[in-house]
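Undergrad: The structure's right below; bear with me while I get my questions together.
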Amino acid sequence: MTKSISYRFALCICVLFSVANLSVADTLTVTWTGAIGELETTIMADTSADGTQAHAVYKLESNKTYLQRSTIVLESSCDIVGAAYGTGETPATIQPIPGDDGASQFAGWPAGNIKTYGEDQSYAFKNLLFNGVFADGSTTLFGVLATYGKGNTITVDHVTSVHNQVITYFCFGQEENWTLTNNTAVQYSCYPAGMYFGGFWWGGGGGWTGTVESLLIQNNTIEGAHGQAFVIYDNGLVNRTEGEVINVDHNTFVNIIDWPKFYRHGNNTRWTNNLFVNMAANGQTRNAANTNIALNNDHVGGHGKTATLYQGACTDSTLLADGNCWDRTNRNISYQNNAWMDTPELLDMFAMEPWCWDLPADSNGVVVTLCDTMIANQSKWAGDSTMSMFANGVYMSNNLHMSDRGWNLDPVYITAQTTRTRDWLDNGVHDTHTDHFWMHQADGDKITVEWPLPMDFSYLATSAAATHCTHGGPVGSTHHMDHPAGLTLNTNPDGIVASTFALKQNYPNPFNPSTEISFNLDEIADINLSIFNMLGQKVRTLTNGTKPAGVHTLEWDGRDEMGQRVSTGIYLYTLSNGSKTITKKMALMK
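For the sequence shown, full-length UniProt numbering begins at 1 and goes up steadily by one.
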């Protein structure tokens with residue numbers, strides 16, 4: 001996908017919206033009747049003559065649970081959003097249910113609620129609750145979303161997912177642009193007899209997942225994932241411009257079996273203002289089920305919460321040819337102004353009496369004894385293996401160990417997890433706990449999500465972490481702590497610093513009547529952001545003047561300079577700082 005264009009109208013418009021598609025109503029409410037499968041049937045049947053979605057937005061009713069029997073497959077741009085809900089109400093909820101024969105009808109791997117396809121399409125999912133447990137309690141769904149195609153834009157905002165089995169959001173598409181903001185993913189269920197495979201978002205390459213041109217991860221809460229929170233392969237971003245990184249900012253990570261990211265990759269990532277509680281919660285150094293491996297790659301002292309291990313040379317011919325190879329001597333991974341802690345329950349597990357076992361005698365009759373030490377030395381920010389990467393572009397500064405505690409989440413959640421973990425660690429098999437349901441359920445009902453979630457992810461306002469982020473406020477998701485500095489996502493009054501000069505895809509797109517346009521400035525600059533029609537005529541100037549470094553968001557209400565509403569059609573919006581110009585297209589639908 002083209003990221004920038006030197007001249008305003010050098011953009012070749014290869015994909016035009018049909019006249020019929022531009023004239024349809026903007027939003028379709030998916031009326032709840034209680035019928036099984038009505039959600040996917042309504043959306044997938046609502047297409048125009050050319051096969052594209054007939055509506056731009058599909059709105060689900062609050063206080064209702066839509067029972068979904070099969071995957072929603074999307075081939076063209078649209079949004080699926082939940083209606084607003086108030087105190088004492090519940091968000092629009094989506095829950096799987098098996099077929100009449102009792103078997104899951106979610107075909108293909110990975111089995112999830114939604115799959116997106118197409119090229120240069122825009123998909124958004126907002127204000128929804130996904131319950132991963134099948135309505136009959138028989139099993140759980142793998143994840144929420146898997147993406148395919150090329151050049152698509154994916155936005156997930158204010159979405160809660162509960163009880164998913166493995167990976168919530170899975171990128172298989174190429175050159176995608178992802179935004180993950182204000183989401184909550186908790187109480188992963190895992191799969192019977194399994195550990196270590198799963199997480200919140202996977203992608204970035206690796207030969208089998210997709211690739212991303214941009215990825216913003218901000219203000220999310222992730223609890224109970226059974227692998228890494230993120231698996232970001234290879235170089236992180238493809239078609240990357242100088243200075244461009246994946247920003248992982250103001251997130252709360254809790255009770256994660258492994259690490260924030262996959263320890264081999266994750267290049268070009270910036271981790272700022274995050275809270276890490278009970279990371280690397282498996283505590284394991286060796287595995288009796290496979291005595292030839294050590295889970296900490298022979299670093300039996302553990303490699304800490306920010307595991308970043310040696311990365312081999314990039315030899316992939318495709319990556320070499322298109323310039324997307326990684327530089328293992330310049331990883332460009334930084335951790336700044338984060339805070340971390342382990343609760344007493346996890347520290348107790350780390351300090352427990354180790355399991356030991358004898359290996360089969362070798363040819364000389366020598367028997368070697370190995371022990372899974374579970375040593376408390378696991379509880380550290382960075383191990384020797386990670387610190388050895390400092391010479392290769394791994395940076396850390398001003399990260400806080402929360403020795404003052406003050407964590408408010410009920411310890412029953414980590415205790416439920418460590419009970420399952422100990423059941424596994426003695427012999428690599430779940431002998432006692434053999435079903436999907438790892439998580440503690442406060443009300444005892446694993447089928448229905450208790451709302452609001454009975455999980456308190458806040459900490460004491462007197463904690464050092466409450467003033468530790470880059471703008472002087474609390475680290476972690478802003479949804480759990482008061483931010484006296486007034487932090488606002490997608491703006492920059494308080495220190496969320498952009499990494500490059502960039503123009504984002506507008507949201508929503510297509511839109512009616514208004515849309516938001518965000519742009520990044522890596523330094524203070526005189527900029528102009530204007531709207532043009534397809535004839536090259538200026539329609540509206542949104543801003544023209546000096547802006548500070550940071551992330552800025554402006555709204556266009558679909559009106560011209562005279563205050564008149566413009567007609568349906570495709571428009572260009574252009575950002576210029578005097579030396580660089582970026583142009584993107586958007587569609588107004590009425």
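In this text, a Cβ means the ideal position worked out from N, Cα and C, and glycines have one as well.
Touch check for the segment 528-537 and the segment 58-77: three-plus C-beta pairs under 8 Å?
TA: no
Undergrad: Assuming residue 189 and residue 436 make a contact with CB atoms under 8 Å, what is their CB distance in whole Å?
TA: Beta-carbon to beta-carbon, residue 189 and residue 436 are separated by about 4 Å, close enough to satisfy the 8 Å threshold.
Undergrad: Please return the same chain residues whose Cβ sits closer than 6 Å to the Cβ of residue 123, not counting the five positions on each side in sequence.
TA: 116, 154
Undergrad: How is residue 40 classed by DSSP in three states: helix, strand or coil?
TA: helix
Undergrad: Count the other C-beta atoms from every protein chain shown that fall within 10 angstroms of the C-beta of residue 211, then say buried if there are 16 or more, exposed otherwise.
TA: By the Cβ-count criterion, residue 211 is buried, with 16 or more other Cβ atoms from all chains shown falling within 10 Å of its own Cβ.
Undergrad: Is there contact here, the segment 163-177 with the segment 135-145, by at least three beta-carbon pairs under 8 Å?
TA: Yes, the segment 163-177 touches the segment 135-145.
Undergrad: Taking buried to mean at least 16 other C-beta atoms within 10 Å of its own C-beta, is residue 535 buried or exposed?
TA: exposed
Undergrad: Count the other CB atoms, across all protein chains shown, that sit within 10 Å of the CB of residue 463; report buried if there are 16 or more and exposed otherwise.
TA: Taking every protein chain shown into account, the CB of residue 463 has 16 or more other CB atoms within 10 angstroms, so this residue is buried.
Undergrad: If you count every other CB in all the chains shown that lies within 10 Å of the CB of residue 469, and 16 or more means buried, which is it?
TA: buried
Undergrad: Which residues bound the beta strand (DSSP E) around residue 350?
TA: Residue 350 -> not in any beta strand (DSSP E); alpha helix (DSSP H) instead, spanning 344-350.
Undergrad: Enumerated in chain order, which unbroken segments of the beta strand (DSSP E) with a length of 3 residues or greater are wholly contained in the segment 371-442?
TA: 394-397
Undergrad: Mind the definition here: the segment 378-386 touches the segment 448-459 only if three or more C-beta pairs lie below 8 Å; say whether that holds.
TA: no
Undergrad: Kindly list the residues whose CB is nearer than 6 Å to the CB of residue 29, restricted to its own chain and excluding five residues on each side of it in sequence; keep chain order.
TA: 59
Undergrad: What separation, rounded to the nearest whole angstrom, lies between the Cα atoms of residue 403 and residue 253?
TA: So the alpha carbons of these two residues sit roughly 17 Å apart.
Undergrad: Measure the alpha-carbon distance for residue 251 versus residue 89 and round it to whole angstroms.
TA: 25 Å
Undergrad: Considering only the alpha carbon of each residue, which of 130, 135, 235, 237 lies closest to residue 184?
TA: 130
Undergrad: Taking residue 185 as part of the beta strand (DSSP E), name the residues at either end of that continuous run.
TA: 184-186
Undergrad: Report the option in 557, 551, 550 whose CA atom is closest to the CA atom of residue 542.
TA: Closest option to residue 542, judged by alpha-carbon separation, among 557, 551, 550: 557.
Undergrad: So, is the C-beta of residue 432 closer than 7 Å to a C-beta in chain D?
TA: Among the chains in the structure shown there is no chain D, since it carries only a single protein chain.
Undergrad: How do the segment 396-412 and the segment 341-359 stand: do at least 3 beta-carbon pairs fall below 8 Å, yes or no?
TA: yes
Undergrad: Rank 355, 136, 260 by C-alpha distance to the C-alpha of residue 68 and give the top, closest one.
TA: 136
Undergrad: Please state if the CB of residue 151 and the CB of residue 175 are separated by a distance shorter than 7 Å.
TA: yes
Undergrad: With burial defined as no fewer than 16 other Cβ atoms inside 10 Å of the residue's Cβ, what is the status of residue 563: buried or exposed?
TA: exposed
Undergrad: State the start and end residues of the unbroken beta strand (DSSP E) segment that holds residue 161.
TA: 153-162
Undergrad: Going by DSSP in three states, residue 494 sits in which element: helix, strand or coil?
TA: Only weak support is given to the placement of residue 494: the predicted model assigns it a pLDDT of 32, under 50, and the value that follows is read from those uncertain coordinates. Coil at residue 494, not helix or strand.
Undergrad: Just to check my reading of the structure: residue 172 and residue 139 have Cβ atoms closer than 8 Å, yes? What is that Cβ distance to the nearest angstrom?
TA: Actually they do not touch by this definition, with Cβ atoms about 23 Å apart.
Undergrad: Span of the beta strand (DSSP E) holding residue 334?
TA: Counting along the chain, the beta strand (DSSP E) containing residue 334 begins and ends at 333-336.
Undergrad: Identify the residues that DSSP records as bridge partners of residue 552: which are they?
TA: 519
Undergrad: Would you kindly work out how many angstroms separate the C-alpha atoms of residue 394 and residue 99, rounded to a whole number?
TA: 50 Å
Undergrad: Check this for me: beta carbons of residue 134 and residue 96, under 7 Å apart or not?
TA: Contact flag set, yes.
Undergrad: Whole angstroms is fine: what's the gap from residue 220's alpha carbon to residue 103's?
TA: 33 Å
Undergrad: Given a threshold of 16 other Cβ atoms within 10 Å of its Cβ, counted over all protein chains shown, does residue 493 qualify as buried or as exposed?
TA: Residue confidence is low: residue 493 scores 30 on pLDDT, short of 50, so the model does not pin down where it sits. Its coordinate-derived value is still stated next. Per the 10 Å Cβ criterion, exposed.
Undergrad: Could you compute how far the alpha carbon of residue 267 sits from the alpha carbon of residue 422?
TA: Rounded to the nearest whole angstrom, the C-alpha separation of residue 267 and residue 422 is 32 Å.
Undergrad: If you compare alpha carbons, which of 260, 284, 390 is closest to residue 347?
TA: 284
Undergrad: Considering Cα atoms alone, identify which of 125, 214, 52, 47 is closest to residue 593.
TA: Outside the shown range of the chain (1 to 590) lies residue 593, about which nothing can therefore be said.
Undergrad: Where do the ends of the beta strand (DSSP E) carrying residue 129 lie?
TA: 122-131
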